[in-house]
Structure formats: C-alpha cells, structure tokens
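Written out below as structure tokens is the structure these notes cover.
Number of protein chains: 2
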Amino acid sequence: MATIAGSRRVRRTAFSEGVEAAGVKGYTVYNRMLLPTVFRSVVEDYRHLKTAVQVWDVAVERQVEIRGPDAGRLMQMLTPRDLRGMLPGMCYYVPMVDETGGMLNDPVAVKLAEDRYWVSIADSDLLLWIKGLAYGLRMDVLVDEPDVSPLAIQGPLADELAARVFGDKVRDIKFFRYGMFEFGGKDHVVARSGYSKQGGFEVYVEGSENGMPLWNALMEAGRDLDVHAGCPNLIERIEGGLLSYGNDMTRENTPHEAGLGRFCSTQTAIGCVGRDALLRVSKEGPVKQIRAIRIEGDLPPCDRAWPLMDGQRQVGQVTSAAYSPDFEQNVGIGMVRLTHWDQGTDLDVVTQAGVFPAIVHETFWI
Amino acid sequence: MATIAGSRRVRRTAFSEGVEAAGVKGYTVYNRMLLPTVFRSVVEDYRHLKTAVQVWDVAVERQVEIRGPDAGRLMQMLTPRDLRGMLPGMCYYVPMVDETGGMLNDPVAVKLAEDRYWVSIADSDLLLWIKGLAYGLRMDVLVDEPDVSPLAIQGPLADELAARVFGDKVRDIKFFRYGMFEFGGKDHVVARSGYSKQGGFEVYVEGSENGMPLWNALMEAGRDLDVHAGCPNLIERIEGGLLSYGNDMTRENTPHEAGLGRFCSTQTAIGCVGRDALLRVSKEGPVKQIRAIRIEGDLPPCDRAWPLMDGQRQVGQVTSAAYSPDFEQNVGIGMVRLTHWDQGTDLDVVTQAGVFPAIVHETFWI
Chain A
1 MATIAGSRRV
11 RRTAFSEGVE
21 AAGVKGYTVY
31 NRMLLPTVFR
41 SVVEDYRHLK
51 TAVQVWDVAV
61 ERQVEIRGPD
71 AGRLMQMLTP
81 RDLRGMLPGM
91 CYYVPMVDET
101 GGMLNDPVAV
111 KLAEDRYWVS
121 IADSDLLLWI
131 KGLAYGLRMD
141 VLVDEPDVSP
151 LAIQGPLADE
161 LAARVFGDKV
171 RDIKFFRYGM
181 FEFGGKDHVV
191 ARSGYSKQGG
201 FEVYVEGSEN
211 GMPLWNALME
221 AGRDLDVHAG
231 CPNLIERIEG
241 GLLSYGNDMT
251 RENTPHEAGL
261 GRFCSTQTAI
271 GCVGRDALLR
281 VSKEGPVKQI
291 RAIRIEGDLP
301 PCDRAWPLMD
311 GQRQVGQVTS
321 AAYSPDFEQN
331 VGIGMVRLTH
341 WDQGTDLDVV
351 TQAGVFPAIV
361 HETFWI
Chain B
1 MATIAGSRRV
11 RRTAFSEGVE
21 AAGVKGYTVY
31 NRMLLPTVFR
41 SVVEDYRHLK
51 TAVQVWDVAV
61 ERQVEIRGPD
71 AGRLMQMLTP
81 RDLRGMLPGM
91 CYYVPMVDET
101 GGMLNDPVAV
111 KLAEDRYWVS
121 IADSDLLLWI
131 KGLAYGLRMD
141 VLVDEPDVSP
151 LAIQGPLADE
161 LAARVFGDKV
171 RDIKFFRYGM
181 FEFGGKDHVV
191 ARSGYSKQGG
201 FEVYVEGSEN
211 GMPLWNALME
221 AGRDLDVHAG
231 CPNLIERIEG
241 GLLSYGNDMT
251 RENTPHEAGL
261 GRFCSTQTAI
271 GCVGRDALLR
281 VSKEGPVKQI
291 RAIRIEGDLP
301 PCDRAWPLMD
311 GQRQVGQVTS
321 AAYSPDFEQN
331 VGIGMVRLTH
341 WDQGTDLDVV
351 TQAGVFPAIV
361 HETFWI
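Chains as they are written, first to last, in UniProt numbering: chain A, 1 to 366; chain B, 1 to 366.
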C-alpha cells in the first residue's frame, strides 16, 4: 500500500487534530481535502457503527453558499428536482446536472432563507459550475465557499449523544430537516441526515475554530456510550445502497441511470438547464441503471470500474464492492443494461484479480 | 503515515501499471486522479532527475478541450494574458481568473487550430467553470475532457531518449512549442515543456490504449541512459520556483500576488472576465507576493500553510518547503506582505513542530 503525501493543496480540516489523535489509518482525498477511510479496521469500524455511535469528520462536504435575489432561480437551474415546495428548515437531496443531463454532483441542499442556500457537495468543484453560470447569466447572487465544516454523528446512539451536547430538542428534528442549535456561543445548523443507514445528525459547524471544541465535547459526553471516531464505511454504505458520486455515477450518467428518478420532477422543474435533455429519458426510462450486485469469491479492492460480462459481451460495470460480514456475501453496486438488469440475472465480473460470478440482486441489503 | 484508500473515484491513469511495476511508494491525488510523489526516495529521485532522465505519469494534467467558432473568444475570457499572438503550434502558460481576479487554475494552453485548444490543467475542475460560462453566454463551443494523458520525459538526457523513440526531429522543438509525432500508428502532440527545470518534453498521449506501449518503449529505449520512473520532485520544483496551484496560490490570490504579472497583459486582454478587477492591481502592484524563503532547522513536512511572523504580527505564510541537498539549506516558497518582502528580511515561521528562523531569499535556487 502506498502512503499519501502531505501538502497544503490536500487540505486538512477543522477536525484533523482529533482524527489523528484517534489513530486514523487510511485516507482518501475528497474535494481536495483529507477524508478518513479507516480507524481500527473497516470491519471493526462497521460493527461499531451499527451498535454504538461515531463522530465523523465530513468537512470534505464543502458548502457552496448561494445568496441574493436570484438564489432561488439559480438553484432551480441546477437540478431537475422541483424546488417549489422547499421551505427554510428543509434539506433536499438534489441531483445536479449539466445541459446534457449529465450528473455534476449529488449534494444535499440546505435552505437557510428564501434568498440563501448551502449546497453540501459530493466530490466535484460544483462551485465553479455555479459561478460560471451566475456570471454568464449576470444573475444577482453571491456564490462562495464559507468556513463551514460538517461533522456527522452516526449510529443507533446518535440521538442520545447529540441530546447530551445540544439538548433534548435535537431529538425532535425530523429526517432531512434541520434546526439551529447553540455551541460555543454560536448557532449551527443541525440536520437529521448523514451518509449511513444507522441514523443520526450532521452538524454544519460554522467557524473552523469551533471544530475541535465540538469534537472534544462529543467525545467527552459519549464516553459511556462507547463513542469512537469513525468515517463513512465502505461496507455499510454499499449494503444500504448509498451511492458515491465519482464511483457509482459520473458526468457520463443521468440521474435516472443512477436510480435517482424519484428525486427528479423533470416536467415541472422549469428552468433546470438539463431539462430538455432529460425530458425523454424521464418519460421512457434509461437503458442502463444502478443495481445491487452480489459477487462470489475472494475479491480484490474495487479500485477501478469492473466490467460486467454476459459471455463476451459487456453489459455493465461494478463500481463499488466489499465483503459484508453481516450478510456473509460480497455486496456491490453496479450499472447494468436493461437487457440484463432483472433480478437473478447471472453475469461475470472482470477484476484485476480474475473473473468472478455475479448476480443481479433484488434490492440493497437493508 | 496513513495509506491511501483505492476507489474508482480516485482515478487510475493510462500509465498506472508502469508506475506500480516501478515500485511507487507514495501518491497524492490531483484532479481526482493518482499522482505519484516518490519512487526510490525523494532525495534519490531528485539526484537522478538532475543527472539522467525520467518518465513521469502526469496524466493528472487533464485536458479541457475547447472547440468551435467561439473557442478563441472564450479562451480570452479566461485569462488576463493577451492571446492575440498565439498561433497553432504554440503552448502558453495562462493564469486563469474569475470575475474577481482570483486564480482558478494556472494551466498550459495548447493551440491546436484557430478554433481548437487544449487546456492542460492544474488541480481544479476548470472544466466546470468553462462549461458554466459557455452555457450562460450561449457560446458556440464544445467543452469536454478528451481521452488524452500527458506523459513527461524530464532530465538532462531527455532529448536523447525522446529522439530514440520519436526520431531526431524532436530535438528541434523549441521551448513551449510542440510538434506532431507518430507513435503506435497515431499522431501525438509532443511539446518542449514540463514541471522541472531539467528540460524535456510532455507527450499528450491520445487514447489510453497507447499509454503503456509508449511507457514501455521509453523504458526499453533508455535502458543505457539509466531511465527511471519519476514524478514531479518536491525539492527540485521548490529550488526552481515552480509554483503549485492549491499550495502556493489559490482562488484567494491574483496572478500578480503569485508573481505571475509577467504573464498578464491586463490592459490589452480585452474580454477577460477578471480584467476590471485586475486593472488596478496590474498597474499599482500587489500588497503581498510570492517570495523564495530560506528556513533554518529540522523542518517537518509542509502539509499546511505556515504563518510567517514579524514578532507577534503575521506578515505572510510559507506553503511549500523541503531540504535541498544541493544547496544545503531548507528551500521554501511563501507569500509575504510588501512591508516585509525585501531580500534579507528576517522572519519566523510557525510550523506544527515549532518556530524556525526564516529569511526572504534573493531568488529561487537556480
């Protein structure tokens, strides 16, 4: 295994001190920033996430702040999801597309006010796309990256831990809603959301100087809950069918191919720059789509797209895979052509360590 | 040292097989792709780069292709460098700025034809900015990332090695010019350029399938030249004052602050979106600027911006540093306020391992 070279360009976060003290063993780079991938071991982190509570440095979810009289109009240009029903206090998962309908990101948008949004981004410089559009169309908006660092509290004991630090009111936050909660003399957005299926919160920590005090307060308050530093867990997120932009879908794919059609309302999303391109696919459906894939055998790490074959013919690819201790099988995420995407279809997957049998699985493992 | 986690999102390159076979020991991530940082050791790689010839996987220099009737106009919008004199066959180093004059990238642009350019990017998704502008302004251009993977041949024996594979004509290429050279039945752009001061070429390999055949041909042809796999070398690039976008300057900085004023002709770069914002600074000069910084002591890795202090007052920061065996001192790159940027100014630099004496150095170490 090669090590990762340090440099200012690969940014540290408001929580890096805590992450290092907790003995982080692996990193990836996400939005030009360090994202932990493993603390004790991926399997140990996985078991702990499902039974206790973890604090995650997800500061890599950088915010794009859009503010000004044209903020709402600009937001609707970015996504085929109809935003007319979105009110302050709500978070929306919003696939974002370019003029061809290709996905540029799949962020969570947070509506702070009628004229102010945060877009909590996956791994691409969405800021540059939004700035380019706003400039080109001479829109009355400010577009910038504020000093906001998300920290996630995830796991079955997340409510208990969050309540100890933010007060019992935090338990009342509904899924994909947020409230304002005080810590360190400043109000922060606390949303019921996060990149796991175990439940919990994301705290949008305003001001880097508030990062470590909150990290430490959570660790202190959760000692008897067995709180640990954690991170998005490869196994758990594949089991749960949580997609990863750049892995499971890219700019090559429409939201419909990514299985995100339920978040699109292309007919009524008037103003979306990709609307014309997506109208047909939203009506007729895509010709390939994300599927859960079960794979047999002793797999290598999935560090590249693995072709899915029907004999000599490529009919798709697997882009995420891991062994699931709970389901005692390899779980995977792939994109499969419609001729082969029915549940139970037998295929082969070509990895760097050989060919393995694969089968289209009915659902994700939840 | 933490390891780097593999995933499809952190893309492998057309040369990854060769890089792995050569025993790469460290990586960074650059444009969401793997970039080697060390093979034998940073010092051994450094000495070898200065005496022999290396082949570098710099496929992370992704290309943004801009093609169509508005390509020239769009190019000029992106940069305060006057592009009127740029002809096909030329490469230009072009600082690119947003509407505030903040740097978005510092790519090398390659003019392929009057209506066709490649922009060989540093570490930011410049594609999204250009696409956003082009869409917003309804320009008649295609903007995309083609399947082109740069490979660098660097070092004093670069001409000899390149000539053995591409023929003696390659020796005639002038600095920052390119020619078309055949390999594997396809013509490729071969430019005299590269991210070292040792001289050499960058081959813009078209078609990923041509990557490893060219890599292998160079390794084979250069055996008696002691050719080795290499990569941009931290020590050598700091000695030479080669800036790194994201390290030494960011969107916070103007090209003038980055010491790139000589590549700007703001008065005549009509159309540049940052022109209004830059006119004043281009005339009066910036209030802080890049300087060579010599530092005393046993430094830790420069993995974050190090404050430069005059007593209790911060007057700048160091963003790259390393020990130079040839100059027997720590060489660094920093940005210093104009009150303290004169040669010989004594300062302190605050690192994660303590405070060290620093001095503003007359020039880079070349």
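Each residue gets a CB set at the ideal place from its N, CA and C atoms; glycine is no exception.
CB contact flag (residue 190 of chain B, residue 179 of chain B, <8 Å): The answer is yes: Cβ separation under 8 Å.
Chain A within 8 Å of residue 334 of chain B, Cβ atoms only: Put simply, the CB of residue 334 of chain B is far from chain A, with every gap to its CB atoms at 8 Å or more.
Buried versus exposed, by CB contacts within 10 Å (16 or more), residue 276 of chain A: Result: exposed.
Same chain, Cβ closer than 7 Å to residue 339 of chain A, neighbours up to 5 away in sequence not counted: Around residue 339 of chain A, the same chain offers 315 as residues with beta carbons nearer than 7 Å, after the five sequence neighbours per side are excluded.
Exposed unless 16 or more other CB atoms sit within 10 angstroms - verdict on residue 41 of chain A: Exposed.
For residue 149 of chain A, the three-state DSSP class (helix, strand or coil): Strand at residue 149 of chain A.
Within-8 Å CB hit, residue 7 of chain B to chain A: Yes, residue 7 of chain B lies at the interface with chain A (some Cβ there is under 8 Å from its Cβ).
When B/362, B/49 and B/32 are compared against residue 194 of chain B, the one with the closest alpha-carbon: Comparing Cα-Cα distances from residue 194 of chain B to each of B/362, B/49 and B/32, the minimum goes to B/49.
CB contact check: residue 87 of chain A to chain B, cutoff 8 Å: Judged by the 8 Å Cβ criterion, residue 87 of chain A is not in contact with chain B.
Residue 149 of chain A and residue 211 of chain A closer than 8 Å at C-beta: Yes, they are a contact pair.
Within chain C, partners of residue 125 of chain A - CB distance below 7 Å: Of the protein chains in the structure, A and B, none is chain C.
Buried versus exposed call for residue 35 of chain A [16 or more other C-beta atoms within 10 Å across all chains shown]: Counting of Cβ neighbours within 10 angstroms places residue 35 of chain A among the buried residues, the total reaching 16 or more.
Residue 82 of chain B to residue 92 of chain B span [Cα, whole Å]: Roughly 10 Å separates the two Cα atoms.
For residue 79 of chain A and residue 264 of chain A, the rounded distance between their alpha carbons: Cα to Cα, the separation comes out at about 8 Å.
3-residue-minimum beta strand (DSSP E) runs that sit fully inside the segment 234 to 280 of chain B, ordered along the chain: Taking only runs of at least 3 residues, no beta strand (DSSP E) segment lies wholly in the segment 234 to 280 of chain B.
Rounded Cβ spacing between residue 120 of chain B and residue 104 of chain B (contact assumed at less than 8 Å): With a contact defined as Cβ atoms closer than 8 Å, residue 120 of chain B and residue 104 of chain B miss out at about 14 Å.
Sequence-distant residues of the same chain with beta carbon closer than 7 Å to residue 12 of chain A, five excluded per side: Only 34 meet the Cβ criterion.
Buried versus exposed, by CB contacts within 10 Å (16 or more), residue 352 of chain B: If you draw a 10 Å sphere on the C-beta of residue 352 of chain B, you find fewer than 16 other C-beta atoms in it, and that means exposed.
When A/203, A/226, A/238 and A/122 are compared against residue 53 of chain A, the one with the closest alpha-carbon: The residue with the shortest Cα to Cα distance from residue 53 of chain A is A/226.
Every unbroken alpha helix (DSSP H) within the segment 109 to 162 of chain B, with a cutoff of 4 residues, ordered by chain: Runs found: 126 to 136.
DSSP bridge partner residues for residue 330 of chain A (one or two, in chain order): Looking at the DSSP assignment, residue 330 of chain A forms a beta bridge with A/295 and A/323.
CB contact check: residue 301 of chain B to chain A, cutoff 8 Å: Residue-level contact check: residue 301 of chain B touches chain A, since one or more beta carbons of chain A fall below 8 Å from its beta carbon.
Three-state secondary structure (DSSP) of residue 105 of chain B: Taken through DSSP and simplified to helix, strand or coil, residue 105 of chain B comes out as strand.
Identity of the residue in A/155, A/259 and A/288 nearest residue 56 of chain A by Cα: Nearest neighbour of residue 56 of chain A by Cα position, chosen from A/155, A/259 and A/288, turns out to be A/155.
The segment 18 to 34 of chain B in contact with the segment 198 to 207 of chain B per 3-pair CB rule at 8 Å: Because the criterion of three Cβ pairs below 8 Å is not met, the segment 18 to 34 of chain B and the segment 198 to 207 of chain B do not touch.
Where residue 60 of chain A falls, given that 16 or more other Cβ within 10 Å makes a residue buried: Buried, because 16 or more other Cβ atoms sit within 10 Å of the Cβ of residue 60 of chain A.
Where residue 13 of chain B falls: helix, strand or coil (DSSP): In this structure, residue 13 of chain B counts as coil in the three-state DSSP scheme.
Where residue 239 of chain B falls, given that 16 or more other Cβ within 10 Å makes a residue buried: With 16 or more Cβ atoms within 10 Å of its Cβ, residue 239 of chain B is classed as buried.
Cβ shell of residue 288 of chain A (< 7 Å), same chain only, five flanking positions each side left out: Result list for residue 288 of chain A: 257, 316, 335, 336, 337 and 338, in chain order.
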